[in-house]
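*Asks:* Residue 238 is where the sequence shown starts when you use this note's numbering, and the numbers rise one by one after that.
Virtual Cβ for every residue (Gly too), placed ideally from N, Cα, C.
As the structure is a computational prediction, the values presented were derived from the model and not from experiment.
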Amino acid sequence: MTTFREILIDAETELLSADLFFGHGYESAHDEAVALVLAAADCSLVDTSAAILDTVYPATALPKLRAFLTARCEERLPVAYITGEAWLGHLCFKSDARALVPRSPVAELVLNQFEPWYQGPDPQVIIDVCCGGGSLGMLAKSLFPWAQVLLSDLDSAALSLASENSQIHAVDGIVRGDLLSWCRSSCVDIIIANPPYVDADDMRGLPVEYRHEPRLALAGGEDGLDLVRVLLTDAARILRPTGLLILEVGNSFEALDDLSEQLHPIWVELQQGGHGVAVFMAQDLAQWAVSEDTTNSVVSAK
238 MTTFREILID
248 AETELLSADL
258 FFGHGYESAH
268 DEAVALVLAA
278 ADCSLVDTSA
288 AILDTVYPAT
298 ALPKLRAFLT
308 ARCEERLPVA
318 YITGEAWLGH
328 LCFKSDARAL
338 VPRSPVAELV
348 LNQFEPWYQG
358 PDPQVIIDVC
368 CGGGSLGMLA
378 KSLFPWAQVL
388 LSDLDSAALS
398 LASENSQIHA
408 VDGIVRGDLL
418 SWCRSSCVDI
428 IIANPPYVDA
438 DDMRGLPVEY
448 RHEPRLALAG
458 GEDGLDLVRV
468 LLTDAARILR
478 PTGLLILEVG
488 NSFEALDDLS
498 EQLHPIWVEL
508 QQGGHGVAVF
518 MAQDLAQWAV
528 SEDTTNSVVS
538 AK
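Written out as structure tokens, the structure is:
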């Protein structure tokens with residue numbers, strides 16, 4: 238009889254011997270092995286205690302675990318696409334190739350209820366734009382149940398996954414739209430934005446695991462900021478004066494810093510790891526938008 242502990246050691250060893258990238262919600266071979274071993278045995282990642290380690294691993298789970306390990310080691314599928322689920326914060330989401338694996342470091346800000354950045358009254362409207370499967374918006378809804386939380390994405394496949402997740406973690410609306418063009422002016426308290434931001438050079442060098450994810454959700458153009466530029470303008474228009482934009486740009490943070498002398502991103506020091514997350518106060522964005530309009534008017538007049 239083989240125990241969970243023995244199976245776990247073998248699975249971790251197999252993962253370590255493969256040429257894998259870790260970072261799609263799990264940071265190590267050990268963490269991925271735990272997720273795969275438990276999922277194959279139909280055990281909950283959260284509700285299972287360490288006491289299970291020295292119990293017998295069900296023989297009926299072994300073929301499923303073998304298929305899981307093959308998918309991970311040979312096909313380089315992310316674990317969440319293999320098990321069909323991913324955790325972000327305290328919530329579990331359905332996950333598949335229709336959207337990115339939930340893993341955004343923006344979750345840290347959401348779990349901290351946007352403190353100390355958001356200084357306005359209790360937020361009434363929160364938008365998760367480029368929402369993918371909807372994890373960030375649904376996480377926000379769990380912490381601000383009174384707020385109207387809307388999810389938006391252009392990709393209908395991603396929105397279908399978000400709709401399925403909303404059957405478990407309810408939100409107030411799902412919109413298929415081009416960024417924030419559908420939203421009226423000065424009505425939003427908080428925007429959570431995780432747009433495609435991978436620049437052309439990084440796209441060419443992405444590990445195989447990323448190539449199982451939708452390219453539309455990753456590729457951000459030559460400097461990674463194709464959609465970010467539009468988002469900043471949209472955010473300046475729709476945020477209330479006390480509003481806040483939270484924007485993830487990953488490795489494109491230098492390009493964002495260089496975008497404009499009038500744009501002042503506040504880079505967040507993330508305690509849980511990650512980088513490239515900026516916050517913008519609505520009033521700063523409004524001033525930047527005015528300066529951009531002025532610059533564009535001068536250029537057009539020449």
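G505 lies in the beta strand (DSSP E); which residues open and close that run?
*Replies:* Numbered from 1 along the sequence shown, position 268 holds the residue referred to as residue 505. Here the sequence assigns Val to residue 505, which means Gly is not the residue at that position. Per DSSP, V505 belongs to no beta strand (DSSP E) and is neither H nor E.
*Asks:* Give me, in chain order, the residues of the same chain whose beta-carbon lies closer than 7 Å to that of D415; leave out the 5 immediate sequence neighbours on both sides.
*Replies:* Reading the sequence shown from its first residue, position 178 is the one you call residue 415. Within the same chain, D415 has close Cβ partners L391.
*Asks:* For A456, does the three-state DSSP call read helix, strand or coil?
*Replies:* The residue you call residue 456 lines up with position 219 of the sequence shown. Strand.
*Asks:* Where A434 and G480 are concerned, what is the direct C-alpha to C-alpha distance, given to the nearest angstrom?
*Replies:* Indexing the sequence shown from 1 puts residue 434 at position 197. Indexing the sequence shown from 1 puts residue 480 at position 243. Before going on, a small fix: residue 434 reads as Tyr here, not Ala. Computed Cα separation, rounded: 23 Å.
*Asks:* Q356 by DSSP, collapsed to three states: which one?
*Replies:* Reading the sequence shown from its first residue, position 119 is the one you call residue 356. Q356 falls in the coil class under three-state DSSP.
*Asks:* So, for S423: in the same chain, excluding its five sequence neighbours on each side, which residues have a beta-carbon less than 6 Å away from its beta-carbon?
*Replies:* Walking along the sequence shown from the start, residue 423 turns up at place 186. Once the five neighbours on either side are set aside, the close Cβ partners of S423 are R477.
*Asks:* Under three-state DSSP, which class holds E322?
*Replies:* Here residue 322 is taken as the residue at index 85 of the sequence shown, counted from 1. If DSSP states are grouped into helix, strand and coil, E322 belongs with the strands.
*Asks:* Who are the Cβ neighbours of A377 in its own chain at under 8 Å, not counting the five residues just before and after it?
*Replies:* As a first step, residue 377 must be located in the sequence shown, where it is residue number 140. The answer, listed in chain order, is V347, I363, D365, A384, V386, I427 and I429.
*Asks:* For a minimum of 3 consecutive residues, which ranges assigned as the beta strand (DSSP E) are wholly contained in the segment 401-429?
*Replies:* Runs of the beta strand (DSSP E) inside the segment 401-429: 410-413.
*Asks:* I believe T250 touches D291 by the beta-carbon criterion, under 8 Å. Please report the beta-carbon distance rounded to the nearest angstrom.
*Replies:* Here residue 250 is taken as the residue at index 13 of the sequence shown, counted from 1. Here residue 291 is taken as the residue at index 54 of the sequence shown, counted from 1. Wrong, their Cβ atoms sit about 19 Å apart, outside the cutoff.
*Asks:* Could you tell me which residues DSSP puts in a beta bridge with V514?
*Replies:* Reading the sequence shown from its first residue, position 277 is the one you call residue 514. Note: V514 sits in a beta bridge opposite E485.
*Asks:* Among D460, F381, P295 and A317, whose alpha-carbon lies nearest the alpha-carbon of D438?
*Replies:* The count along the sequence shown starts at 1 and reaches residue 438 at position 201. If we check each option's Cα against that of D438, D460 comes out closest.
*Asks:* Counting Cβ pairs closer than 8 Å, one from the segment 295-309 and one from the segment 336-355, do we hit at least three?
*Replies:* No, because fewer than three Cβ pairs between the segment 295-309 and the segment 336-355 fall closer than 8 Å, the two stretches do not touch.
*Asks:* In the DSSP assignment, what are the bridge partners of C329?
*Replies:* The sequence position of residue 329 within the sequence shown is 92, counting from 1. For C329, which the question treats as bridged, DSSP gives the partners W324.
*Asks:* Kindly list the residues whose CB is nearer than 6 Å to the CB of F258, restricted to its own chain and excluding five residues on each side of it in sequence; keep chain order.
*Replies:* Within the sequence shown, residue 258 is the residue found at index 21, counting from 1. Correct list, in chain order: P444 and E446.
*Asks:* Excluding the 5 residues preceding and the 5 following E224 in the sequence, name in chain order all residues of the same chain whose CB lies nearer than 7 Å to its CB.
*Replies:* Since the first residue of the chain shown is 238 and the last is 539, residue 224 is not available in this structure.
*Asks:* Is G262 near the ligand MG, going by C-beta to nearest heavy atom under 7 Å?
*Replies:* Absent from the structure shown: the ligand MG. Ligands present: none.
*Asks:* Taking 8 Å as the threshold (C-beta atoms), are R335 and L398 in contact?
*Replies:* Start at 1 with the first residue of the sequence shown, and residue 398 comes out as number 161. Start at 1 with the first residue of the sequence shown, and residue 335 comes out as number 98. For L398 and R335, yes; Cβs fall inside 8 Å.
*Asks:* How about L462 and M440: do their beta carbons lie closer than 8 Å?
*Replies:* The count along the sequence shown starts at 1 and reaches residue 462 at position 225. The count along the sequence shown starts at 1 and reaches residue 440 at position 203. Contact flag unset, no.
*Asks:* For R448, which three-state DSSP category applies?
*Replies:* Residue mapping note: residue 448 aligns to position 211 of the sequence shown, counting from 1. If DSSP states are grouped into helix, strand and coil, R448 belongs with the helices.
*Asks:* Does the Cβ-Cβ distance between A323 and L314 come in under 8 Å?
*Replies:* The residue given as residue 323 occupies position 86 in the sequence shown. The residue given as residue 314 occupies position 77 in the sequence shown. Taking 8 Å as the Cβ cut-off, A323 and L314 do not qualify as a contacting pair.
*Asks:* Which residue comes first and which comes last in the beta strand (DSSP E) that contains L388?
*Replies:* Mapped onto the sequence shown, residue 388 falls at position 151. Looking at the DSSP string, the run of the beta strand (DSSP E) that includes L388 is Q385 to D390.
*Asks:* Since I503 and A515 are thought to touch, with beta carbons under 8 Å apart, how far apart are those beta carbons, to the nearest angstrom?
*Replies:* To locate residue 503, count along the sequence shown from 1; it is residue 266. To locate residue 515, count along the sequence shown from 1; it is residue 278. Confirmed, Cβ separation roughly 6 Å.
*Asks:* The beta strand (DSSP E) spanning V362 covers which residue range?
*Replies:* Residue numbering aside, residue 362 sits at position 125 when the sequence shown is read from its first letter. That run of the beta strand (DSSP E) goes V362 to V366.
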